[in-house]
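Residue numbers (the working numbering): 157 to 911. Virtual Cβ for every residue (Gly too), placed ideally from N, Cα, C. Computed from a predicted model, the values in this text were never measured in an experiment. A short worksheet on the structure shown next.
Dropping the structure here:
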């Protein structure tokens, strides 16, 4: 009871007496006393008052008639000075004297205070209010009223830091007008950020809302956290406040933070983003990947639509470097709010225009039609055409390639255009070239047949043998076409750079090699016979021979125990007389790069027959040579690297290696650097060639097929690419294809027969 701060001085009690009737009842009996759930008074945890009050007694001494229940908000005390009914608010912050019935005339304030302190009401006692009650009781006796006789100090909880969206403040003068940054807004920001990351289609189609900001605009204001203030109940118990938490946000791209750390200012026209403790602005202008198009991302806003300042828009365009191809009409509509499109194209570059490849227009027919296969399997040479031209004929007209027209991106960067590929034919034998402006003319110097192969034009005169190729004629080596009226006899050779036509057959042990097509009226026979054609090969039959063609192989009757390969297709018509239970192809192996089509395959005797397609042996050989070339480049490059003592192929590192080399070896180092650069160029060419071959193989396998119109007998082995499949039961009218994904050979039906 010593030095109580809220107790009036003794001498002032009578002068400042409170009129009991002037104290409003609602001051004590309103919601504060009854609106909350009642919490039992926990007297065992009462904390002594620190500011001058004496510690509360551990066990209050009460009259035996006093009724005290910690679970109630009303204390009924029967003391020597009288009976008191004291109501305590559930939060223990207010105590009011509801009923007082004195037992004697003179009662001092100190006595009532002592009773309160004995019952743990030790803080915030209003002695003036108690004095007013005592004076009223002295006049009236028992009084029933609600007079607050003790006030606690409520706790003030700390406040977390908050952020207000100043850019959405529609009343700048009103401190509370700016909306707060909420979880819902953060969620919308995350959706916008994801749409920007996913691309233009998502920005165009996703339901989005965003906060668009202008350069120099304050976009976010931080309200710092507030520390709480502790409170004290009328029981003298201190209540500690909850501390406010700080939320540290840092400025990200296109955002500045004020010196006091409270205001975030946008530095670009775009959309406000808050993520991972960073405040940033996503630029509203988006460039396409090729930098040919600039889009303004016009997202629906939070709240009312805000106009876009043309000045800010043009400043932003200049800052991101967009200076070419501006669409002034689109910019005007956008700033006037006349467009609701999500993606507004505001700048468009000029795409490059590729040059046109050189074009060759043939002026004469260069296609040789060697003949027609008849029903009996023979070849009718009456249908055969032999294109021939006189000397001085215009063979071909070549139009030169054109250069590409460069383009320009919206930032103004030039885009190189590909020039047209020069496909000018080379002049071969007996061809004269004349240039006139943008065109090149090719003329025949001699009479003969025009050959256009591997982009080379030449004119070949033909060589004709009336009878057989034998001892009378000897071996034939001719740079042109050869016509043999009879047979190529055993042991003789015919080599020609053009096409070869044989009116008879090719006997065992003979060799025939052509640069172009080969036509054999009868058959090719013999295990030691070797035939190679640069173009297509046609024959009535092939038996026990090795035949290779760069183009198609067409056989009118049958192929028996032969090794046949073709850079195009292999067709065996199966016409003429065949043995019973046999077919057009029996035994041996057929390899066609593009596909195989047969009247029938195998035999009922189980002859082993291989049908192969989708594989080009020439490409396999090329791949082996390319791999060897790459290995050679890598090995020698590593050696040069070690000699130069460099780890990276950069101009600076090579220059440094040469400078650091001893003077006598400096020239040698220069040569090594030159050699290294040459190896790198070769390796690049090898790699490009390797990739082209692999792409060609993949495309070839996609179209490769083996088709048998008749019966495919057991014993036939089908191979497409690296996948092989034996035929175990007889099949009729089937085609075999490769399922690249499943890596297996599939069967399909054949709807029409071979013609």
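Q | residue 467 in three-state terms, based on DSSP | A | helix
Q. Cβ of residue 560 within 8 Å of Cβ of residue 578?
A. no
Q.
Within 10 Å of its beta-carbon, does residue 401 have 16 or more other beta-carbons around it, so buried, or fewer, so exposed?
A. exposed
(Q) Measuring CB atoms only, is the stretch 846 to 862 touching the stretch 884 to 896, in the sense that at least three cross pairs come out at less than 8 Å? (A) yes
Q. What did DSSP end up calling residue 227 once you bin it into helix, strand or coil?
A. No answer about residue 227 holds up, because its pLDDT of 44 lies below 50 and its placement is not dependable.
**Q.** Rounded straight-line distance, which links the Cα of residue 668 to that of residue 754
**A.** 25 Å
Q: Starting from the C-beta of residue 900, find all residues in its chain whose C-beta is less than 7 Å away, skip the five residues before and the five after it, and write them out in chain order.
A: 879
Q | Candidates 472, 522, 800 and 705: closest to residue 609 by CA position | A | Cα-wise, what sits closest to residue 609 is 522.
Q | Spatial distance of residue 818 from residue 408 (CA atoms) | A | 52 Å
**Q.** residue 722 beta carbon near the ligand MN (any heavy atom closer than 7 Å)
**A.** The ligand MN is not among the ligands present in this structure, which contains no ligands whatsoever.
Q: Report the residue from 486, 563 and 497 whose alpha carbon sits nearest the alpha carbon of residue 144.
A: Nothing in the structure corresponds to residue 144, since the chain is present only between 157 and 911.
Q.
Across the stretch 739 to 756 and the stretch 705 to 720, are there enough close Cβ pairs to call them in contact, namely three or more that are closer than 8 Å?
A. yes
Q: Would you mind stating whether residue 874 and residue 881 have Cβ atoms separated by less than 8 Å?
A: yes
Q: Take residue 750 and list the residues in its own chain whose beta-carbon comes closer than 6 Å to its own, dropping the five residues that flank it on each side.
A: Beyond the five residues adjoining it in sequence on each side, residue 750 comes within less than 6 Å, by CB distance, of 724 and 725 in the same chain, given in chain order.
Q: Can you check DSSP and say which residues form a bridge with residue 457?
A: Per DSSP, 366.
Q.
For the alpha helix (DSSP H) containing residue 270, name the first residue and the last one.
A. Where residue 270 is concerned, the enclosing alpha helix (DSSP H) starts and stops at 265 to 274.
Q: Specify, as a first and last residue, the run of the alpha helix (DSSP H) that residue 432 falls within.
A: Taken as a continuous stretch (DSSP letters only), residue 432 belongs to no alpha helix (DSSP H), as it is neither H nor E.
Q: Give the C-beta separation of residue 249 and residue 390 to the nearest angstrom, bearing in mind that I take them to be a contact with Cβ-Cβ under 8 Å.
A: Contact check for residue 249 and residue 390: beta-carbon distance about 7 Å, within the 8 Å limit, so the pair qualifies.
Q. Should residue 627 go down as buried or exposed, given a rule of 16 or more other Cβ atoms within 10 Å for buried?
A. exposed
**Q.** Alpha-carbon to alpha-carbon, residue 514 and residue 595
**A.** 10 Å
(Q) According to DSSP, simplified to helix, strand and coil, what is residue 869? (A) Note: residue 869 maps to coil in three-state DSSP.
Q) Using a Cβ-Cβ cut-off of 7 Å (strictly less than) and excluding sequence neighbours within five positions of residue 796, which residues of its own chain qualify? A) 828, 831 and 832
Q. Nearest to residue 478 by CA position, among 806, 495 and 501, is which residue?
A. 501
Q.
Give me the DSSP bridge partner(s) of residue 862.
A. 752 and 892
Q.
Just to check my reading of the structure: residue 760 and residue 719 have Cβ atoms closer than 8 Å, yes? What is that Cβ distance to the nearest angstrom?
A. About 23 Å; that fails the 8 Å criterion.
(Q) Closest to residue 663 by C-alpha separation, out of 271, 507, 647 and 314, would be which residue? (A) 647
Q. Is residue 785 helix, strand or coil by DSSP?
A. Secondary structure of residue 785 (DSSP, three-state): helix.
Q) In its own chain, which residues sit with a C-beta less than 6 Å from the C-beta of residue 580, not counting the 5 before and 5 after it? A) Within the same chain, residue 580 has close Cβ partners 514 and 554.
Q: Return the first residue and the last residue of the beta strand (DSSP E) that residue 699 is part of.
A: Start and end: 693 to 699.
Q: Identify whether residue 586 lies in helix, strand or coil by the three-state DSSP scheme.
A: Here residue 586 sits in coil by DSSP.
Q: Whole angstroms is fine: what's the gap from residue 322's alpha carbon to residue 277's?
A: Here the alpha carbon of residue 322 sits roughly 49 Å from the alpha carbon of residue 277.
Q: Note down the Cα distance separating residue 325 from residue 489, rounded to an integer number of angstroms.
A: Computed Cα separation, rounded: 26 Å.
Q. Roughly how many angstroms lie between the CA atoms of residue 269 and residue 230, to the nearest whole one?
A. 17 Å
Q: Output yes or no for whether 8 Å exceeds the beta carbon distance between residue 607 and residue 618.
A: no
**Q.** Those runs of the beta strand (DSSP E) which lie wholly inside the stretch 363 to 426 and span at least 3 residues
**A.** 374 to 379, 411 to 413 and 419 to 422
Q | alpha helix (DSSP H) segment containing residue 620, residue limits | A | First-last for residue 620: 618 to 621, but that is the beta strand (DSSP E), not the alpha helix (DSSP H).
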